[in-house]
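*Asks:* Same order as they appear, the protein sequences are chains C and H.
Counting in my numbering, the first sequence runs from 1 upward without gaps.
Counting in my numbering, the second sequence runs from 1001 upward without gaps.
2 protein chains.
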Amino acid sequence: MSNNFEFEKVHESEALAKHQVNPYGPNPSDFLSNVNNFQLIDSTLREGEQFANSFFSTEKKIEIAKALDDFGVDYIELTSPVASEQSRKDCEAICKLGLKAKILTHIRCHMDDAKVAVETGVDGVDVVIGTSKFLRQYSHGKDMNYIAKSAIEVIEFVKSKGIEIRFSSEDSFRSDLVDLLNIYKTVSKIGVNRVGIADTVGCANPRQVYELVRTLKSVVNCDIECHFHNDTGCAIANAYTALEAGARLIDVCVLGIGERNGIVPIGGLMARMIVAAPEYVKSKYKLHKIRDLEVLVADAVQVNIPFNNPITGFCAFTHKAGIHAKAILANPSTYEILDPHDFGLKRYIHFANRLTGWNAIKSRVDQLNLNLTDPQIKEVTAKIKKMGDIRPLNIDDVDSIIKDFHIEINTPALTPRKTKADEEPLDLAGEPAAKKAKKE
Amino acid sequence: MSNNFEFEKVHESEALAKHQVNPYGPNPSDFLSNVNNFQLIDSTLREGEQFANSFFSTEKKIEIAKALDDFGVDYIELTSPVASEQSRKDCEAICKLGLKAKILTHIRCHMDDAKVAVETGVDGVDVVIGTSKFLRQYSHGKDMNYIAKSAIEVIEFVKSKGIEIRFSSEDSFRSDLVDLLNIYKTVSKIGVNRVGIADTVGCANPRQVYELVRTLKSVVNCDIECHFHNDTGCAIANAYTALEAGARLIDVCVLGIGERNGIVPIGGLMARMIVAAPEYVKSKYKLHKIRDLEVLVADAVQVNIPFNNPITGFCAFTHKAGIHAKAILANPSTYEILDPHDFGLKRYIHFANRLTGWNAIKSRVDQLNLNLTDPQIKEVTAKIKKMGDIRPLNIDDVDSIIKDFHIEINTPALTPRKTKADEEPLDLAGEPAAKKAKKE
Chain C
1 MSNNFEFEKV
11 HESEALAKHQ
21 VNPYGPNPSD
31 FLSNVNNFQL
41 IDSTLREGEQ
51 FANSFFSTEK
61 KIEIAKALDD
71 FGVDYIELTS
81 PVASEQSRKD
91 CEAICKLGLK
101 AKILTHIRCH
111 MDDAKVAVET
121 GVDGVDVVIG
131 TSKFLRQYSH
141 GKDMNYIAKS
151 AIEVIEFVKS
161 KGIEIRFSSE
171 DSFRSDLVDL
181 LNIYKTVSKI
191 GVNRVGIADT
201 VGCANPRQVY
211 ELVRTLKSVV
221 NCDIECHFHN
231 DTGCAIANAY
241 TALEAGARLI
251 DVCVLGIGER
261 NGIVPIGGLM
271 ARMIVAAPEY
281 VKSKYKLHKI
291 RDLEVLVADA
301 VQVNIPFNNP
311 ITGFCAFTHK
321 AGIHAKAILA
331 NPSTYEILDP
341 HDFGLKRYIH
351 FANRLTGWNA
361 IKSRVDQLNL
371 NLTDPQIKEV
381 TAKIKKMGDI
391 RPLNIDDVDS
401 IIKDFHIEIN
411 TPALTPRKTK
421 ADEEPLDLAG
431 EPAAKKAKKE
Chain H
1001 MSNNFEFEKV
1011 HESEALAKHQ
1021 VNPYGPNPSD
1031 FLSNVNNFQL
1041 IDSTLREGEQ
1051 FANSFFSTEK
1061 KIEIAKALDD
1071 FGVDYIELTS
1081 PVASEQSRKD
1091 CEAICKLGLK
1101 AKILTHIRCH
1111 MDDAKVAVET
1121 GVDGVDVVIG
1131 TSKFLRQYSH
1141 GKDMNYIAKS
1151 AIEVIEFVKS
1161 KGIEIRFSSE
1171 DSFRSDLVDL
1181 LNIYKTVSKI
1191 GVNRVGIADT
1201 VGCANPRQVY
1211 ELVRTLKSVV
1221 NCDIECHFHN
1231 DTGCAIANAY
1241 TALEAGARLI
1251 DVCVLGIGER
1261 NGIVPIGGLM
1271 ARMIVAAPEY
1281 VKSKYKLHKI
1291 RDLEVLVADA
1301 VQVNIPFNNP
1311 ITGFCAFTHK
1321 AGIHAKAILA
1331 NPSTYEILDP
1341 HDFGLKRYIH
1351 FANRLTGWNA
1361 IKSRVDQLNL
1371 NLTDPQIKEV
1381 TAKIKKMGDI
1391 RPLNIDDVDS
1401 IIKDFHIEIN
1411 TPALTPRKTK
1421 ADEEPLDLAG
1431 EPAAKKAKKE
């Protein structure tokens, strides 16, 4: 680098366009990536039923299943039919709806459960068994040989019925790697449709996920499904990294509801994926339905949509600081990686506060269809910021200040106040010296 | 692998203990990792003031600053003193509090701002300028040469005042890599305390972050600070991955409040970090104050703590499914990577629902100080599940069912009902055949 800090000018947009179409798309070095080719298994009616507040009536389950199907999820996973009598009936009812999405049910790795599951009319069965030493010791108490034997029995039985079968370990990231690869290789050989990795306690981090999926990808010749809990806030990122490494299917729930603080939220994952694979995501999923889907489920389980929810949080597309508002007004891409219109939503420039700037206020003046010069707008902005230092402002406050100002500079008899303000220097508080003098 | 699927028994706990103390700790291959040596810059009073709902009075700012200091954050970042008159006064007031945390203010890369900032009494100044083509074109309109020149002028001025200086690019992940490395190398040479990377629009993913931080680490010889927005739900994971790659400082806000849906939340990051570096995190931060801190800020900006918030979400430590409850009762580590007691909180076994199991009900029977045999508990569990199929249950419902059952089996004259139930086989609905017959 030269000493006078001269940087060579680069015509970035052209250079970029030539080499890479979407710089946030799949990394070219991830040749197994499914970022552009993923599928969603929605588990709102299984994992989501394990959410503390959930009690879904049959009617509500059907309403949610239809909404998920309409949105475009590839699979809908339901609570085990052996969980309760009504769970079995509901499973049968949803299978009869004739949805485009395939219907799955989620059972323990046990023939008793499998026999009931295959009779419900599902398109596939998701089998799970704990493989970590924690779960082997404190949950089912079985060793890896027992796990392998029951897995083979259950898998071959489900396959014999002509429906899909997934085998997943539970608590995969606290399981012994050699044990894991052994069991996955076994079930892959006998021909499962998918193997699953589950971060049951929410402990995994992205690079760990990448390593495990990449390793597993070299051991099995079926699709890999991933299930990530969100206890440590990494569920969405782990899902994305898993797809980069070659996983194909991600378990999601509406608003992420599930055990404890839940799993990958469908909305948050869409936010992540639309940045990486915009065409794929937009063509496959009805993104403008995310809001309705979230409202439906939030009402059903009696929670509020989190204020900071991706996409649908009340301020996800609100821009406040003056410097942000200025740039957003010139080009929304400056401070937005997501386009609210893709989700049937709108952006909002928050101008009623002390951090506001004159570009935001100018935009509001235009909306109010008032005619003020730039120096006048700067003057009224100073007034608004001053008021914003004293108390919270709402839009009416700002509009009143602007309108009063507008009246003030236009009304007074025949005094050419407007022209005067243009020429006069503003003092620190943003008021023309003349006006200040008049007050005194 | 042998054909009869025999797995060799491994004494995992001993083997693990020998090779690695904490399997979720820093990856040994990340020799630059600061997972065990990170610092927090809390920006609730700067980035957080850009949250749509924020209006902090001077008193509230002081209350929040004191609470952050008590929690143990290393730095507290405040709104630019040029944002408004009150912003400057508040900055001066907080500098005078004599907190342990260092006080920073955040300004544009401009001498006008720097001159005001150094007079406020802050311990350091955080300088930022947009370097992406988006921001260069639509925000400040300057080229990289201009950026370098003003950066050098501002940095040397702030250094001359004997206080800390950080230089950060804005929108770093959409900036030209060569431009970025050039400017960082320049400012590192003239001696900044930290350089900052900012994912201003929330587009970065973890492996991208790792690459950029790792590359930057080889170019500068100062600390690296990272600022991650959460638009695509990856802020916490990006922060973790940045530390793995050698970043030292993470910008956080209470509840993540900031522009749009905000940045890395302090609570969520603590959840992530305690898994990786338990001793460091527990010795440095008062984790049991997270809840109070979040309540303080949530009240101030009039939002609810999200239902799915890490650690403090209302059900973050609630276990519902029967299979989960069983294992949790045997050993909480089975389904918990976080210990609620580390945060001054408690776990909760949700037993009043149709997914409940007899282990959870047994635990409740013990809490009620009643004496039932295991077969009796299985019987009453079946009753509870049946009722849970019909409507949502609360704890009182379950307690009533248990107590009624307990009275029923103990009262009836001298009939040895208890012994009888023990011996009788249960039918599918979980009721002893004899009792069913009696009803009919």
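Using N, Cα and C, we set each Cβ at its ideal position, and we do this for glycine too.
Should C/K61 go down as buried or exposed, given a rule of 16 or more other Cβ atoms within 10 Å for buried?
*Replies:* With 16 or more Cβ atoms within 10 Å of its Cβ, C/K61 is classed as buried.
*Asks:* So, helix, strand or coil for H/L1097, using DSSP?
*Replies:* In this structure, H/L1097 counts as coil in the three-state DSSP scheme.
*Asks:* Can you list, in chain order, the residues of its chain with a C-beta nearer than 8 Å to that of H/D1399? Leave out the 5 residues immediately preceding and following it.
*Replies:* Excluding residues within five positions, the ones whose Cβ falls inside 8 Å are R1364, L1368.
*Asks:* Using only CA atoms, which one of H/I1165, H/K1403, H/H1110 lies nearest to H/K1149?
*Replies:* The shortest Cα separation from H/K1149 among H/I1165, H/K1403, H/H1110 belongs to H/H1110.
*Asks:* Could you tell me which uninterrupted beta strand (DSSP E) segments, each at least 3 residues in length, are contained entirely in the region 1070-1154 of chain H, listed from first to last along the chain?
*Replies:* With a minimum length of 3 residues, the continuous beta strand (DSSP E) runs that stay inside the region 1070-1154 of chain H are 1075-1078, 1102-1108, 1124-1130.
*Asks:* If you compare alpha carbons, which of C/K185, C/L68, C/E59 is closest to C/I224?
*Replies:* Closest option to C/I224, Cα to Cα, is C/K185.
*Asks:* Check the Cβ of C/Q50 against every Cβ in chain H and list those closer than 7 Å, keeping chain order.
*Replies:* Correct list: K1320, A1321, L1355.
*Asks:* Consult DSSP for C/G258 and reduce its assignment to one of helix, strand or coil.
*Replies:* It is coil, neither helix nor strand.
*Asks:* For H/P1265, which beta-bridge partners are listed by DSSP?
*Replies:* In DSSP, H/P1265 forms a bridge with H/C1253.
*Asks:* Check the Cβ-Cβ distances between H/Q1086 and every residue of chain C, and say whether any is below 8 Å.
*Replies:* Cβ-Cβ to chain C under 8 Å: yes for H/Q1086.
*Asks:* Could you tell me whether any Cβ in chain H is nearer than 8 Å to the Cβ of C/K326?
*Replies:* Yes, because at least one Cβ of chain H sits closer than 8 Å to the Cβ of C/K326.
*Asks:* Using a Cβ distance threshold of 8 Å, determine whether the region 67-85 of chain C contacts the region 93-102 of chain C, with at least three qualifying pairs required.
*Replies:* Because the criterion of three Cβ pairs below 8 Å is met, the region 67-85 of chain C and the region 93-102 of chain C touch.
*Asks:* Are there 16 or more other CB atoms within 10 angstroms of the CB of H/G1141, so buried, or fewer, so exposed?
*Replies:* Exposed, since its Cβ has fewer than 16 Cβ neighbours within 10 Å.
*Asks:* Let me check understanding here. Comparing Cα to Cα, which of C/S87, C/H106, C/S168 lies closest to C/F56?
*Replies:* The shortest Cα separation from C/F56 among C/S87, C/H106, C/S168 belongs to C/S87.
*Asks:* Buried or exposed for H/I1190, please, with buried defined as at least 16 other CB atoms from any protein chain shown within 10 angstroms of its CB.
*Replies:* Exposed, since its Cβ has fewer than 16 Cβ neighbours within 10 Å.
*Asks:* In whole angstroms, what separates the C-alpha of C/D342 from that of H/T1381?
*Replies:* When rounded, the distance between both Cα atoms is 48 Å.
*Asks:* If you reduce the DSSP assignment to three classes, tell me which class C/H288 lands in.
*Replies:* C/H288 falls in the helix class under three-state DSSP.
*Asks:* Report, in whole angstroms, the separation of the C-beta atoms of H/G1048 and H/G1258, which I expect to be a contact under 8 Å.
*Replies:* Going by Cβ atoms, the distance from H/G1048 to H/G1258 rounds to 6 Å, so yes, they are a contact pair.
*Asks:* Of all the residues that make up the region 1251-1273 of chain H, which are near chain C by a beta-carbon distance shorter than 8 Å?
*Replies:* The residues in question are L1255, G1256, I1257, E1259, R1260, N1261, G1262, P1265, G1268, L1269, A1271, R1272.
*Asks:* Spell out whether any CB of chain C is found under 8 Å from the CB atom of H/P1028.
*Replies:* Answer no: the Cβ-Cβ gap between H/P1028 and chain C never drops below 8 Å.
*Asks:* According to DSSP, is H/S1168 part of a helix, a strand, or is it coil?
*Replies:* In this structure, H/S1168 counts as strand in the three-state DSSP scheme.
*Asks:* Do the region 1121-1130 of chain H and the region 1161-1170 of chain H touch if we need at least three Cβ pairs shorter than 8 Å?
*Replies:* Enough Cβ pairs lie closer than 8 Å, so yes.
*Asks:* Is H/K1326 buried or exposed, if buried means 16 or more other CB atoms sit within 10 Å of its CB?
*Replies:* It is buried - the Cβ of H/K1326 has at least 16 other Cβ atoms within 10 Å.
*Asks:* Over the uninterrupted alpha helix (DSSP H) stretch that includes C/H227, give me the two end residues.
*Replies:* Per DSSP, C/H227 belongs to no alpha helix (DSSP H); it is in the beta strand (DSSP E), 223-228.
*Asks:* In angstroms, rounded to a whole number, what distance separates the CA positions of H/S1033 and C/I402?
*Replies:* C-alpha separation (whole angstroms): 53 Å.
*Asks:* Rounded to a whole number of angstroms, what is the C-alpha to C-alpha distance between H/R1174 and C/C253?
*Replies:* Roughly 31 Å between the two C-alpha positions.
*Asks:* Rounded to whole angstroms, what is the Cα-Cα separation between H/I1163 and C/G196?
*Replies:* Going by the C-alpha atoms only, they are around 53 Å apart.
*Asks:* At which residue ranges does the region 1012-1063 of chain H contain complete beta strand (DSSP E) runs of 3 or more residues, listed in the order of the chain?
*Replies:* The region 1012-1063 of chain H contains these whole beta strand (DSSP E) runs: 1039-1042.
*Asks:* Counting Cβ pairs, one atom from each stretch, are 3 or more of them under 8 Å apart for the region 1316-1323 of chain H and the region 203-212 of chain C?
*Replies:* Judged by Cβ distances under 8 Å, the region 1316-1323 of chain H makes no contact with the region 203-212 of chain C, as fewer than three pairs qualify.
*Asks:* Could you name the residues of the same chain whose beta carbon sits closer than 7 Å to that of C/R377, not counting the 5 residues immediately before and after it, in chain order?
*Replies:* Reading the sequence as shown, one finds Ile at residue 377 of chain C and not Arg. Cβ within range, chain order: W358, I361, K362, V365.
*Asks:* Select from the region 1334-1354 of chain H all residues with a C-beta closer than 9 Å to any C-beta belonging to chain C, and list them in chain order.
*Replies:* Correct list: T1334, Y1335, E1336, I1337, L1338, Y1348, H1350, N1353, R1354.
*Asks:* Interface residues of chain C around H/C1441 at Cβ under 8 Å?
*Replies:* The shown model of chain H, from 1001 to 1440, leaves out residue 1441 of chain H, and the question about it has no answer.
*Asks:* Find the residues of chain C that neighbour H/V1275, judging by a C-beta separation of less than 8 Å, and give them in chain order.
*Replies:* Correct list: C203, T232.
*Asks:* Keeping to the same chain, check which residues put their C-beta closer than 8 Å to that of H/K1089; ignore five residues upstream and five downstream.
*Replies:* Here the set comprises T1058.
*Asks:* What in chain C is Cβ-close to H/I1236, meaning under 9 Å?
*Replies:* The contacting residues are T232, G233, C234, A237.
*Asks:* At the level of alpha carbons, what is the spacing between C/K418 and C/F405?
*Replies:* In this prediction, C/K418 has a pLDDT of 47, which is less than 50 and means its spatial position is unreliable; nothing more can be read from the coordinates.
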